[in-house]
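Using full-length UniProt numbering, the letters of the sequence shown map in sequence onto residues 1 to 1121.
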Amino acid sequence: MNAKRKELRALNEAAWDKRIDLSKQKLDSSIKKNTSFVKKLKVSLTSEKKNELLKDIKSLKLEKYIAEVVSAIAEAKLKNQADVEAAVEICSLLHQRFSDFSSLLQDALLKQLAPGSYSSNNLTSEQKEKEDNTRITRQKAVLPLFIELYLVNVFRDISLNKDKDMLIYSVLRKLLAIDKNMHVNIPLSVIVMSNYGRELTGIIPQKQEEEKSEESEKNEGEGESKEESIQKKEGSKKTDDDDDIIQVPKEVQEKLKIHMLEYSKTVEGQLNKAFENLKKMEKSNHENNIAHGKINEERKEKYQKFQKIFENYYSNAKILFKFVNRKIPEFKDEEEDSLGVSFKISLNDKKMDSFQSDIWEDEDSKVFYEQTIDLKLMIPTALLKGKKDKKADKDDTKDSEKSSTENLDQNLTFTMSDPELDKILKEKSEKMEKNEDIVEAEAEDEPISIEDKRNINLFALDPILDRLPYALNRDAIDQIAVDFCFVNNKSSMKKLIKTLLGVPRQRLDLLPYYSRLVATLNKCFPEIGENTINELENEFHRLQKKSDQMFHEEKIKNIRFIGELTKFRVTPLHVVFHCIQVLLNNFNGFNIDIVCSLLETCGRFLYRIPETKTRLGNMLDIMMRKKTVQHLDNRQVLLIENAYYQCNPPEKIIKPVKERSPIELYIRKMIYVDLGKYTVDRISKQFRKLNWDDPEVLRVIYKVFFKIWKLKYINIHLMSYLVVDLSHYHPDFGVAVVDNTIEDIRIGLEQNNYKHNQRRLAMIKFLGELWIYNMIETDTIFDILYTLVSFGHDQGKPRPDEFSPLDAPHDFFRIRLIYTLLDTCGTCLKEDSRLNIFLVLFQVYIKTKFPPPTDILFLIQDIFEVFQPNKKLFNTYEEACIELDRLILEDRKRNEPKVIFDGTSNENKTTFDNENDNDDIENDNDDDDDDDDDDENDDDDENNIIEGEDEDNEDEDNEKDDDGKLVDGDDEDVIVYNQDDLKPTEEEEEEYKREFHQIMQESLDSRKNERKIQQFDIPIPMGIKKDLRDNNSDSQDDDSEEEKNNVEFVLLTKKGNKQQAKSLAVPNDCLFAVSARNQREIDRKEQLKLKKLVLNYEEQEEKSRHNKRMDNRRYYRDTWK
């Protein structure tokens, strides 16, 4: 653009000395084309038609039409900057061809740029405003064209200026100098400075200076020296000033700069005055609203108009100040410390425009108090006409509003000081007190005219009023409002108001719905709201004089009704504050309860709307100061504090959101949001897909699985499932989770912090779930159970007479932990003998506590009903301890460890085992009962083989250490003793032999009187048996073939005291022989079976317990699938 200006300026400068010779050119002088060109120039002087118009100028002979051309250009409507540039090119070409064009165009444009006439007093303000708007609109299009023609040298300062003054300065001075008070021409100054400020005044806007400084700093950061940067900066500045931008003469530039700065200064002063006037109007309107309960429409219109003017003025001033490098003043609402307020009032038709977003506690309250139904959309218009004639009231209010309006026009202010406002409230209070009795009498005995009685439809109104006590929702009370409109008249309104005010004092829950009914009807019948408020206000003053306690509930009902109507914007604000002020002036006794009830009802509402925020805040401060000064009981202090914080709750400190990586957010979402019964398998697959080699990912995974208490309690078993599944692919992960769980349980016992109780319950639950999925052994569960009972007690045994700081007698949380663990996995441990011992120890632990509360007592009962339903609980601590000692001794006997003696001789090497000892004793006692020597030899051989295998196994498993002691390689409990330490003395040997002989003798004596069971096959005495062997050996060779077919039996006879045995050969197929042989075979098999059962008893018992536990675990594991 600047390049084009330079080009046109050079051509125009040359044209002042020598015009283009048109005599040699063939130009069209036809009237039709010339007049057509003039019309086209007037109507379509735009950038799109520029080339066409330039072509016509070069082809037409326009000497006779210059005046028409100038008039067309001056009247052309230039809509944007592109049209202005097109007009400049056209004017430049006309200036280069015709010598008188410039002077004519300059005069025409100067006439249009003439300032408005401010001396005429015949015009009204509206006419002046309309005239100024029309003039400024036209000058906004002409002024840019005039400045552009001046810059391209179509207009000159001296040659064409009759006053010998600088042309552009003269034009702008006339426009702005006369406008230093009203600043109507500020839009023109904005156009000048925004588009041509640098060319005309040399002022560089602040934004451009900052951009240049940033470029220079960037260049310096790249390593340029200061001298180079300065030279470069000066060179660039010189280039911009001299080459790109067309400079006006310095004398003109200096004068224009001074003039524009002075004008901006006057704009700033006028802006401050306008804001002060606006604030005064706001204060006047607000105080008028408090004093009279409303603002008349004329005040609203004037305020809205002035506010709109101020906003436009402020926006133009902001742009102007930007280009003259002046800071725009900031305007803020200033709050006063007095009870009066100076806040901006929303004067829009929408009631809730001034409300803040947090005025209501929740969305339901907002809908209830803000969104009332519009009866005009539901009821015919004829039924919504009020019966009250308000013509006299309108005449009275018009006079008062007229005087206040004239005052507002002159000064734009209407102020009411705090003393005046207090005076109004005081006079009103005195008036209410004087007329109290009269009002009460009128309210009770007001007659109803005969005409009104005829219009009352009792059969229609009474059912509506009977529904009021049962209308406890929004729809029901709205329906009553609709139904009332169909029976509306003056008498029905009075009866409705009387019914509403007669609400029982115990039914405070009806007040919000009654207030909504009044607010709904008040839109169409304002007399309902006014009469209701007047009655409540009269009742308030009447009850203030009655200090009897029987009226306390009535006072609370009255003040709460006023508060509910306040939230519906039915109660005028001055009425509410008058009530508060009366109560604060007599701040004692039951008035404290009343003012607190009012503040709890509508205090939050009043504190969050701009109109009353400051005033209520000051009253709250007064109330808190009186609370500090006066001596009040705790109940009243608590009421005051609750009311205060209900109105002005303390600010909540917002915790900063913790920044998390995307992978951490994804893992947390899977665990805390998506984890469920049907998604656990998918989540397990997603976890396996994660990069377990990344330390950050691994840290997040461990963090999630370590902090089980952050999970939903019902999903803990799903987490244990994930641990088991993932441990198959990452074994270290499963070990780490189990170790952390046990460690966290231990830390919880050490700290015993009640804040971590929920965390400890979650961890103990997680431990039980891990056991169900075979992640930990049964021994670990019992270790945790015993730790829960014994940790923190002296020698691991709880005692009632010893206090433990980690487990106080009144602390029952460990019982809850034990219950949680047994409830999770205890049913799978029913067959384990160790559980019985623990339950007895658990009873010992319970007896060391104080009597448990009911909830803990129920937990204890549930435990023993599940695991020991047929056993009674011990009554005392001593009984439980005796039973515990007995069970421990029995368990030790069953699990007595092996004892191996150190030595090299096999004779001195002895192994004590309970089961082997019992077998040896049984063998010794049954020697006489064996069938024959063959069976005994077989048994001895088998025992020898077993003993030999045991010795070989012991030799293989045991290894000698450096000291020569044997070390058992098995995992069994083996105690190694030194032979020298355990070698008995001679006295101990003699005593042992004597006791052993006595035991054997007693055993034999006891068996003498036993009656032996008769058997078919009895043992043969030793002497007779030997004789039979000798006889059989002699005849063995002769009867070998016969023996094969016969079975030998011995017939035992007795002659006197001598027994004789005779051998008998019975055939094999004899019934007697077959029966004997079969019986012997059955006895042998049974003996082998019993022997095998005895040998494998422990192994079978352990397998049975293991299988039962596994079945129970599978059952619990599959229940949620």
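Beta carbons: idealized from backbone N, C-alpha and C, even for Gly.
In this chain, the beta strand (DSSP E) harbouring K1058 covers 1058-1067. In this structure, L175 sits near P115, with a CB-CB distance shorter than 8 angstroms. Around the Cβ of E1048, a 10 Å sphere holds fewer than 16 other Cβ atoms; the residue is exposed. N285 carries a helical assignment under DSSP once its states are collapsed to helix, strand and coil.
Between P469 and R507 the beta-carbon gap is near 7 angstroms, inside 8 angstroms, which marks them as a contact. No Cβ-Cβ contact shorter than 8 angstroms links L620 with T612. In terms of Cβ geometry, C579 and I562 form a close pair [threshold 8 angstroms].
Close CB contacts of F874 within its chain, under the 6 angstroms cut and outside five residues either way in sequence, are with Q843, A880 (chain order). Assignment of beta-bridge partners to V1047 by DSSP yields V1066. Among the bridge pairs identified by DSSP, T1053 is matched with Q1060. The DSSP-derived three-state label of L806 is coil.
In the displayed model, D28 falls within a strand according to three-state DSSP. Using a Cβ-Cβ distance cut-off of 8 angstroms, the region 49-56 and the region 10-24 are not in contact, since fewer than three pairs of beta carbons, one from each stretch, lie closer than that value. The C-beta separation of I683 from L675 comes to about 6 angstroms, placing the pair in contact by the 8 angstroms criterion.
Annotated three-state conformation of L632 is coil, per DSSP. Sixteen is the threshold: when 16 or more other Cβ atoms of the shown chains lie within 10 Å of the Cβ of M763, as they do, the residue is buried.
Contact annotation: L806 and F791 have beta-carbon atoms nearer than 8 angstroms. Apart from the 5 residues on each side of it in sequence, N1045 sits with its Cβ closer than 8 angstroms to the Cβ of P1067, N1068 in its chain, given in chain order. K567 is classed as buried because its beta carbon has at least 16 other beta carbons within 10 Å across all chains shown. Excluding its 5 nearest sequence neighbours in each direction, E535 has C-beta neighbours in its own chain below 6 angstroms: L501, listed in chain order. An exposed status is given to P800, since fewer than 16 other beta-carbon atoms sit within 10 Å of its beta-carbon.
Residue range 552-567 is occupied by the alpha helix (DSSP H) that includes G563. Boundaries cannot be given for Y65, as no alpha helix (DSSP H) includes it and DSSP labels it neither H nor E. T571 and L565 have their C-alpha atoms spaced approximately 6 angstroms apart.
Annotation: L377 to C524 spans about 11 angstroms, alpha carbon to alpha carbon. Distances from the CA of L599 to each of H286, F577, S727, R746 were compared; the closest alpha carbon is that of F577. By the criterion of at least three beta-carbon pairs nearer than 8 angstroms, the region 278-290 is in contact with the region 303-317. Residue range 50-59 is occupied by the alpha helix (DSSP H) that includes L54. The beta carbon of I186 is closer than 8 angstroms to those of D179, V267, Y313, N316, A317, L320 in its chain, skipping five residues each way along the sequence. Y645 counts as exposed, since fewer than 16 other C-beta atoms from the protein chains shown sit within 10 angstroms of its C-beta. Ranking N153, K32, S59, K61 by CA distance to the CA of S92 puts N153 first.
Distance between K40 and I191, taken at the CA atoms: about 28 angstroms. Here P512 has E564 as same chain residues with Cβ atoms under 6 angstroms from its own Cβ, once five neighbours each way along the sequence are excluded. Counting only the Cα atoms, I701 lies some 25 angstroms from L821. For T876, the three-state secondary structure derived from DSSP is coil. When secondary structure is reduced to three states using DSSP, T571 falls in the coil class, being assigned neither helix nor strand.
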